[in-house]
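Since the structure comes first, as structure tokens, the remarks are kept for the end.
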Amino acid sequence: MSIELGHFAFILAFAVAAVSAVAGFWAWRDNARVTLLVRQGAVMQFVLVTASFAALIEAFVTSDFSLALAYEHSHSLQPLLFKVTSVWGNHEGSMVLWVMILTLMGAAVALLGRNLPGELLTLVLAMQSLLTAAFAGFTLFTSNPFLRLSPAPIEGQELNPILQDIGLAIHPPLLYTGYVGFSICFSFAIAALTSGRIDAAWARWVRPWALLSWCFLTLGIAMGSYWAYYELGWGGWWFWDPVENASFMPWLAGTALLHSALVMEKRNALKIWTIFLSLITFSLSLLGTFMVRSGVLTSVHSFASDPTRGLVILALLAFFIGGGFVLFAFRASSLRAGGLFAPISREGALILNNLFLTTALSGVFVGTLYPLVLEALTGKTISVGAPFFSLTFGALMVPLLIVVPFGPFLAWKRGDLVAVTQRLAGAAGAAIFVTVLIFALAGASVSLAPFGLLLGFWAAFGAIAELVDRAGFGRMPIGHSLRRLVGLPRSAFSTALAHFGLGISVIGIVTATAWQLELITTMQPGTTQTIGAYTLRFDGVQNASIDNYTAEIGRFTVTTPGSVDRQMIPERRIYVASGTPTTEADIETYGFSQLYVQLGEQSADGSRVVRAWFKPYVTLIWFGAILMALAGFVSLTDRRLRVGVPRRAPARPEPVPAE
Amino acid sequence: MKAALAALILFWLALPAFAVNPDEMLKDPALEARARTISEGLRCLVCQNESIDDSDADLAHEIRVLVRQRLAAGDTDDQVRQFLVDRYGEFVLLKPVLAPHTLVLWLAAPTLLIAGAIVIFVAARRRKPQPAPALTPDERAALEDLRKPATGAEPDLKSRGF
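Dropping the structure here:
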């Protein structure tokens with residue numbers, strides 16, 4: 001019964017969204033009743049889609065296999081958590097989650113945006129409703145998750161064993177929130193183009209949304225990367241797989257958007273460019289979510305897809321992306337260019353940031369889609385894989401990383417490059433010193449590793465140098481400096497933290513790649529092997545039967561100077577329902593480094609294949625990403641963002657403190 | 001990235017072995033290191049965008065053994081790659097060759113970088129030289145006020161709109 005209620009609620013949400021979209025675009029000009037309608041419509045869509053999502057969850061949790069989706073993707077023996085995550089571990093259910101987050105964003109604008117100009121609010125919510133209508137319609141008509149089976153099967157099939165992981169509980173919701181959050185920026189851009197009005201207040205509204213989405217996307221990508229790292233069994237953390245690229249492209253565009261929205265908010269410049277980035281970021285999010293499902297891109301991540309869905313998806317993508325850019329082409333010239341600035345200035349640095357990010361983005365974009373286009377046009381098949389991306393993307397990140405520390409030091413409008421270079425000399429010296437020290441200790445090999453490490457330390461130390469400089473350490477008594485440091489605006493901290501996190505990630509990538517140790521061998525129980533400073537003793541294998549799988553559990557003891565002995569238990573599992581085998585590597589963390597052990601198959605003589613890797617400072621990759629996301633959240637709490645929201649008709653213009 | 005890894009199951013899990021096996025590896029560490037460098041850039045043809053080192057498909061295993069056989073027979077790295085391209089086609093290379101049909105792929109990003117740099121440069125030059133507009137009489141008077149030696153009375157800037 002609740003399934004039908006959920007189904008009905010979803011249909012109703014689709015209808016409400018359609019009505020809101022039509023009404024909103026029909027009569028957006030100065031019409032308080034329509035504004036009220038789209039606002040209430042946005043909240044209602046969220047309530048209805050949430051209700052239908054709850055109905056799905058209930059069916060999965062109670063193992064109601066009369067629901068076809070639950071039958072196909074769940075099993076009564078699965079632990080409760082995986083029964084819940086099974087809801088979105090498939091195409092249909094994940095569509096409902098996607099639409100739910102879309103309506104959540106719309107409802108948030110409707111509730112928080114009371115002080116937005118009425119026309120802008122109407123247009124934004126109308127656009128948001130149009131998106132909801134389109135994708136809720138797509139879900140209902142091509143991928144309906146509410147279909148019943150009769151007679152109901154007694155037992156379900158099973159969630160893909162590799163997805164039976166805490167990662168599925170965290171990764172898709174984070175990633176979707178990131179993807180879909182950018183829909184708000186897209187809707188704001190469409191609204192600005194439709195009404196022809198755009199000002200710094202617009203940017204002040206868009207930037208928090210871009211920031212919020214960017215934070216979630218950063219966490220989602222980092223989480224996905226870590227999941228792949230521990231689940232796939234050989235410790236790779238980024239594969240330049242088309243679907244990874246599909247999530248990485250909106251991240252690059254979103255990063256550029258954050259920086260250009262900053263220029264627009266503070267200096268009223270780069271308007272057209274900011275609009276363009278808002279459009280492109282969500283377009284890439286759509287591409288990321290849906291290319292995979294259309295069957296155009298084959299990927300290790302893709303869902304099984306059928307041709308009808310593919311065509312509808314491509315039509316929807318063409319409508320929203322194409323429509324957005326046609327509108328842009330016709331209306332962009334009506335937006336006036338804003339503030340002036342010299343090439344050497346904070347604005348100039350941010351433009352440079354945008355140049356490198358968008359170029360890197362285009363490199364990833366072309367690399368991902370070129371093989372498809374080439375095959376369609378000439379029939380030639382080529383592969384574009386990790387070596388291509390590492391080279392082209394890496395080459396573009398070098399100048400970006402060199403420039404990053406300069407940006408926050410330069411003044412708006414006109415900066416002094418010589419003075420900034422002097423103030424950064426300390427950070428540069430420290431970065432060189434640390435890099436040389438590391439290579440003296442670790443033993444240098446001829447490679448690009450020292451250069452990569454230098455760039456990482458340069459970005460990290462440059463970020464610290466900015467805080468040190470702004471607090472005036474060394475120029476005044478320590479106590480005074482500390483007070484100044486505490487008094488710095490949160491935006492200063494968030495900038496420094498984000499750039500510091502970037503440097504940390506780069507350091508982790510370089511060290512984990514350049515100094516990784518590998519051990520591939522066969523071991524008899526009771527024997528030992530060494531990898532780096534770690535001695536691995538193989539204690540044997542136990543068999544066990546747990547929940548919905550049986551497992552061979554390998555037991556290892558790791559001995560290393562300076563740490564107590566640790567047990568490692570990599571597993572090989574067979575899932576009961578589907579008979580699918582998986583390998584579960586075990587990972588021990590030492591400081592920031594990790595030891596990664598994977599149990600292989602049994603040889604004829606009773607020995608085991610064992611693969612082990614030592615990955616120095618590998619966790620820095622994800623710590624850096626978490627710092628970047630944290631920086632975004634810090635920036636969101638900045639007072640200026642909270643009070644900067646435009647208020648309707650202030651009685652008197654308040655004095656604005658100079659920047 | 002979604003239900004990330006969903007189809008991984010299809011490719012990986014149906015197969016028991018995992019990536020490079022101890023019995024495949026060459027005794028000579030230098031030769032084995034060369035084999036690893038080469039195979040990092042080779043695609044497992046039946047998988048999705050994975051190198052043969054990361055795959056446990058039978059074909060990946062075959063190519064890994066093949067690479068090592070060629071190396072042991074005394075081929076250079078390039079000869080090994082060429083041998084595999086002749087046998088499996090360009091599809092086997094994860095890093096495409098630079099040739100007429102891949103020009104766009106290799107040049108797209110650099111071209112955009114240069115074009116973007118030129119656009120920014122031109123825009124910066126165009127908007128630079130604008131002499132500041134002459135001062136209005138009001139502003140001139142305000143400036144005179146400021147220049148005057150302090151007489152005790154603060155110049156009233158607020159009323160002039162500053």
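Residue numbers (the numbering used here), protein chains in the order written: chain D, 1 to 659; chain L, 1 to 162.
Backbone N, C-alpha and C fix where the C-beta goes; we use that ideal spot for every residue, glycine too.
For the C-beta of residue 96(L), the chain D residues within less than 8 Å are, from N- to C-terminus, 382, 383, 384 and 388. Within the stretch 534-592 of chain D, the beta strand (DSSP E) runs of at least 3 residues that lie entirely inside it are, in chain order, 534-546, 549-560, 563-568, 571-575, 581-584 and 586-590.
Straight across, the Cα-Cα distance linking residue 607(D) with residue 593(D) is about 28 Å. Residue 224(D) holds the alpha-carbon nearest to the alpha-carbon of residue 168(D) among 224(D), 138(D) and 545(D). At a cut-off of 8 Å between beta carbons, residue 370(D) contacts chain L. About 6 Å separates the CB atoms of residue 172(D) and residue 88(D); that is less than 8 Å, so the two are in contact. Inter-residue distance for residue 54(L) and residue 447(D) is about 23 Å (C-alpha atoms, whole angstroms).
Between residue 331(D) and residue 217(D), the beta carbon gap of about 28 Å keeps them out of contact (Cβ cut-off 8 Å). A direct Cα-Cα distance of roughly 11 Å separates residue 466(D) from residue 488(D).
Under DSSP, residue 609(D) shares a beta bridge with 522(D).
Neighbours of residue 51(L) in chain D, taken as residues whose beta carbon is under 8 Å from its own, are 385 and 386 in chain order. About 29 Å separates the CB atoms of residue 577(D) and residue 596(D); that is not less than 8 Å, and the two are not in contact.
With respect to the 8 Å criterion, residue 20(D) and residue 129(D) are classified as neighbours on the basis of their beta carbons.
Contact between the stretch 345-361 of chain D and the stretch 372-382 of chain D is absent: fewer than 3 CB-CB pairs across the two stretches fall below 8 Å. At a cut-off of 8 Å, the C-beta of residue 359(D) has a neighbouring C-beta in chain L. Of all C-beta pairs linking the stretch 18-27 of chain L to the stretch 50-69 of chain L, three or more are shorter than 8 Å, placing the two stretches in contact.
In this structure, 374(D) is the residue among 63(D), 554(D) and 374(D) with its C-alpha nearest to the C-alpha of residue 101(L).
Comparing C-alpha distances from residue 287(D) to each of 255(D), 274(D) and 176(D) shows the shortest one belongs to 176(D). Residues are counted here when their Cβ sits less than 7 Å from a Cβ of chain L; for the stretch 506-527 of chain D these are 520, 521 and 522, given in chain order. A distance below 7 Å between beta-carbons, with the five flanking residues on each side excluded, links residue 9(D) to the following residues of its chain, in chain order: 48, 51 and 52. According to DSSP, residue 528(D) shares a beta bridge with 537(D). Put simply, the CB of residue 91(L) is near chain D, with a gap under 8 Å to one of its CB atoms. Here DSSP, grouped into helix, strand and coil, assigns residue 288(D) to helix. Note on residue 86(D): 16 or more other CB atoms within 10 angstroms of its CB, so buried under the neighbour-count rule.
Taking the Cα of residue 401(D) as reference, the smallest distance to any Cα among 452(D), 533(D) and 562(D) is reached at 452(D).
When only Cα atoms are considered, residue 468(D) and residue 485(D) end up about 8 Å apart. Linking residue 86(L) to residue 532(D) through their CA atoms gives a straight-line distance of about 40 Å.
Counting the other Cβ atoms within 10 Å of the Cβ of residue 126(L) gives fewer than 16, which makes it exposed.
Segment contact: the stretch 206-213 of chain D against the stretch 630-638 of chain D, three or more CB-CB distances shorter than 8 Å; contact assigned. Within the model, the alpha-carbon separation for residue 378(D) versus residue 103(L) is close to 14 Å. Secondary structure at residue 614(D): strand, using DSSP grouped into helix, strand and coil. In its chain, beyond the 5 residues on either side, 190, 193 and 194 have a beta carbon closer than 8 Å to the beta carbon of residue 327(D). Within the stretch 107-123 of chain L, 108, 109, 112, 113, 116, 117 and 120 place their CB atoms closer than 7 Å to a CB of chain D, listed in sequence order. The beta carbon of residue 94(L) sits closer than 7 Å to the beta carbons of 41, 42, 43 and 51 from its chain, once the five residues preceding and following it are set aside; these are given in chain order. The three-state secondary structure of residue 597(D), taken from DSSP, is strand.
Under a criterion of Cβ atoms nearer than 9 Å, the residues of chain D adjacent to residue 101(L) are, in order, 374, 378, 380 and 382.
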